[in-house]
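J.:
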Amino acid sequence: MKLMNCPLNGPRNISEFVYGGEVRPMPNQATCSDKEWADYVFYSDNNIRIVKEWWFHSPSGYWFIAERHTASDEIVKTYDSSELFSERVEFNAPDDQPAPVLQTEGLK
Amino acid sequence: MPFSLLKYGLKNDYPFEQDADLPSPSELKKHYDVVIIGGGGHGVATAYYLAKYHGITNIAILEKGYLGGGNTARNTAVIRSNYLTSEGVKFYKESVDLFQGLSNEFDFNIMYSSRGQLTLAHTDATVRSFRQRTEVNKHFGGRTELIDPQQIKELVPTLNMNPADMPVLAGLWHIDGATARHDAVAWGYAKGATQRGVELHQLTEVVDVIVEKGRATGVKTNRGTVHCDCVIQAVAGHSSLVAAMAGIKMPITTYPLQAMVTQPVKPFLDPLVSSSALHCYVQQTGRGEIVFGGGSDPYPLYNTRSTLDLKESLLAHAVEMFPFMANLKLMRQWAGITDMTSDYSPIMGLSPVENYYLDAGWGTWGFKSTPICGKTMAELVASGGKVPDLIAPFSMDRFDEFRQVNEMGATAASH
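For the record, the sequence lines run as chains Z and S.
Taking the UniProt record's numbering, the leading residue of the first sequence gets 1, the next gets one more, and so forth.
Taking the UniProt record's numbering, the leading residue of the second sequence gets 1, the next gets one more, and so forth.
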């Protein structure tokens, strides 16, 4: 059984967690081009290295960030998303208003 | 014959002067017309058709391991064409047709075995989608029928008709469904290609792709640099990594796919059986072993390790379908690394780099397309980049234009 350290609940069986995709800056959907949006939604570096990923602890409904190596499957560290994001991101911004820009410092 | 056999039996030496199936290793040349990265089924099939139909034989297949040692050796060898979209069905139908003639064409037995493939529906929604798949398949000349529980019982008497309390409502019976010896497909293509002058270089790893002014002009390998007129990459699980050498970013995420096989038992299961709700497919090989497979791992990884979690859930589902299998012992387990696209269709054709052709995104459905993929990729390369109609819908830029070919329902867990 593989364990993951949930920042909220401590070590839990990996089967309690749901993978949520790589953490990366989202382009502004109100102003970006189709190509930029396609690049964000479909394309990926998909490399062998340590990546920052969104993970969800399903029983407690908690999203957090994990750093994991994509070949060894080693989970290097897990932490609350507040360490990367300083404010809430709204996804339903009206078209005539610029969408809030993600805090992307430290993201690569 | 019996007397000659007896005579041979008493001889010390092997009586036949037999040519080796594959030529001995040779030095890399400085220049090739075509370099194919990846010596799996797809790579050698492309080389074979280039040599056979297009007269291009100055080809090097560069394989970092050994012939057919990657996903060609790891797939569960299902051949079928009962997909959902017209683009998909047309493509895979041609593949099934080619598979049927391969043993004769190679003069080499690929152990093609036409068993039929049965997919079980447990919900009304699935029955509706099966009806659509039946009609699309028939329209393009495939043999597919929707059958009822009584017919399913007759086809597979050992099947539990109420697995995991989800009654079997109907079945998608694909008469053309088949299986074959996956290794032999790669071997047959390699034999045919090398006989025509193609060079297969095993233990030759491509470490970089040389791109000059937006054109691919060669590759660097662990055995030196090779120049070429064009490059084809056919590297399955490592598609993103190899494409990155040419500066190409791909719409691919890499997941492991696990499978396993039991000890051999008496023949009891003719068709390949899969359940749409249990995410499990089961088939009995010609040797009597039972092969299981299921869905991919739940998160991306470049690793062929096995996990207990997935094995447990897969076995639980398999035993629900065939309860008596609870008494069998597992013989082997393994995993392959699959390059998944978000629409479960492949990526074939041109790339942003000139003369660099992509054969990727084959996820969990690569083996069944080996012949037609090789044939159409050969056409593409021989024509200098004119994309054949059959594979035009599978170009990589479909993701930029939001016109995906959605085969998720027809692919996931039915292989």
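In this text, a Cβ means the ideal position worked out from N, Cα and C, and glycines have one as well.
Keep in mind that this is a model prediction, so the values were computed, not measured.
Quick check: S:Gly218 and S:Val353, are their CB atoms within less than 8 Å of each other?
T.: no
J.: Let me confirm a value: Z:Lys2 is counted as buried when at least 16 other C-beta atoms fall within 10 Å, else exposed. Which label applies?
T.: It is exposed - the Cβ of Z:Lys2 has fewer than 16 other Cβ atoms within 10 Å.
J.: Excluding sequence positions up to five away, which residues of its chain have a Cβ less than 8 Å from the Cβ of S:Gly288?
T.: Pro264, Val265, Lys266, Pro267
J.: Can you round the beta-carbon distance between S:Asn71 and S:Gly39 to whole angstroms, since I take them to be within the 8 Å contact cut?
T.: In fact, because the Cβ distance is near 12 Å, the residues do not count as touching under 8 Å.
J.: How many Å lie between Z:Lys108 and Z:Gln29 at the Cα?
T.: Low confidence applies here, because Z:Lys108 scores a pLDDT of 44, under 50, leaving its location unreliable; read the following figure in that light. Per the coordinates, the alpha-carbon of Z:Lys108 lies some 20 Å from the alpha-carbon of Z:Gln29.
J.: Which partner residues of Z:Tyr19 appear in the DSSP bridge assignment?
T.: Z:Trp55
J.: Over the uninterrupted alpha helix (DSSP H) stretch that includes Z:Ala38, give me the two end residues.
T.: Counting along the chain, the alpha helix (DSSP H) containing Z:Ala38 begins and ends at 34-41.
J.: Answer with yes or no whether the minimum CB distance from S:Leu328 to chain Z is below 8 Å.
T.: no
J.: Counting only Cβ pairs nearer than 8 Å, list the residues of chain Z close to S:Thr253.
T.: Ser44, Asn46
J.: Using DSSP's beta-bridge definition, name the partner residues of Z:Ser44.
T.: S:Met250
J.: Whole alpha helix (DSSP H) runs in the UniProt domain "Rhodanese" (34-78) of chain S with 4 or more residues, listed along the chain?
T.: 41-54, 71-74
J.: Please list the partners that Z:Tyr19 has in chain S, where partner means a Cβ-to-Cβ separation under 8 Å.
T.: Pro298, Tyr299, Pro300
J.: Would you say S:Gly171 and S:Thr119 are within 8 Å of each other, going by their C-beta atoms?
T.: yes
J.: Under 8 Å by Cβ, that's how I've got S:Thr341 and S:Pro251 pegged, so tell me the actual separation to the nearest angstrom.
T.: 6 Å
J.: Taking DSSP's pairing of strands, which residues face Z:Arg12 in a bridge?
T.: Z:Met4
J.: Check whether chain Z comes within 8 Å of S:Asp400, counting only Cβ atoms and requiring the distance to be less than that.
T.: yes
J.: Using 8 Å as the Cβ pair cut-off and three pairs as the minimum, do the region 331-351 of chain S and the region 315-323 of chain S touch?
T.: no
J.: Is it right to say Z:Val18 is buried, meaning 16 or more other beta carbons lie within 10 angstroms of its own, or is it exposed?
T.: exposed
J.: Helix, strand or coil for Z:Ala66 per DSSP?
T.: Correct three-state label for Z:Ala66: strand.
J.: Against Z:Thr70, what residues of chain S qualify as contacts under a CB-to-CB distance less than 7 Å, listed in chain order?
T.: Pro300, Leu301, Tyr302
J.: When we look at the beta-carbon of S:Asp339 and count the other beta-carbons within 10 Å, is it buried (16 or more) or exposed?
T.: buried
J.: Run down chain Z in chain order and give the residues with a C-beta less than 7 Å from the C-beta of S:Met348.
T.: At a beta-carbon threshold of 7 Å, none of the residues of chain Z lie near S:Met348; the nearest stands roughly 16 Å away.
J.: At 9 Å on the CB atoms, spell out the chain S contacts of Z:Lys35, in chain order.
T.: Asp400
J.: What is the residue span of the alpha helix (DSSP H) that S:Ala316 lies within?
T.: Boundaries of the alpha helix (DSSP H) harbouring S:Ala316: 308-321, taken from the DSSP string.
J.: Please determine, among S:Ser86, S:Ala184, S:Tyr48, the residue with the shortest C-alpha to C-alpha distance to S:Lys138.
T.: S:Ser86
J.: Skipping 5 residues on each side, what residues in its chain have a beta carbon closer than 6 Å to that of S:Tyr189?
T.: Val44, Ala45, Tyr48
J.: Note down the Cα distance separating S:Gln117 from S:Gly336, rounded to an integer number of angstroms.
T.: 22 Å
J.: When burial is assigned at 16 or more other CB atoms within 10 Å of the CB, is S:Asn12 buried or exposed?
T.: Counting C-beta atoms within 10 angstroms of its own C-beta, S:Asn12 has fewer than 16 neighbours from the protein chains shown and is therefore classed as exposed.
J.: Taking a cut of 7 Å between CB atoms, which residues from the region 330-360 of chain S lie near chain Z?
T.: Ser342
J.: Mind reading off the beta-carbon distance from S:Arg215 to S:Asn355? Whole number of angstroms is fine, and I expect it under 8 Å.
T.: 5 Å
J.: With distances taken Cα to Cα, identify the nearest neighbour of Z:Thr78 among Z:Glu16, Z:Phe42, Z:Arg68, Z:Gly20.
T.: Z:Arg68
J.: I'd like the span of the alpha helix (DSSP H) that includes S:Gly142, first residue to last.
T.: First-last for S:Gly142: undefined, no H or E at that position.
J.: Note down, in chain order, every chain Z residue with its Cβ under 9 Å from the Cβ of S:Leu241.
T.: Asn46, Asn47, Ile48
J.: For S:Ile79 and S:Thr144, which I take to be in contact (beta-carbon distance under 8 Å), what is that distance rounded to the nearest angstrom?
T.: Rounded to whole angstroms, the Cβ separation of S:Ile79 and S:Thr144 is 14 Å, and the two are not in contact under 8 Å.
J.: Return the chain-ordered list of same chain residues with a C-beta closer than 6 Å to the C-beta of S:Cys228, the five sequence neighbours on each side being excluded.
T.: Tyr32, Val35, Gly218
J.: My understanding is that S:Ile110 touches S:Ala184, with C-beta atoms under 8 Å, so please give their C-beta distance in whole angstroms.
T.: 4 Å
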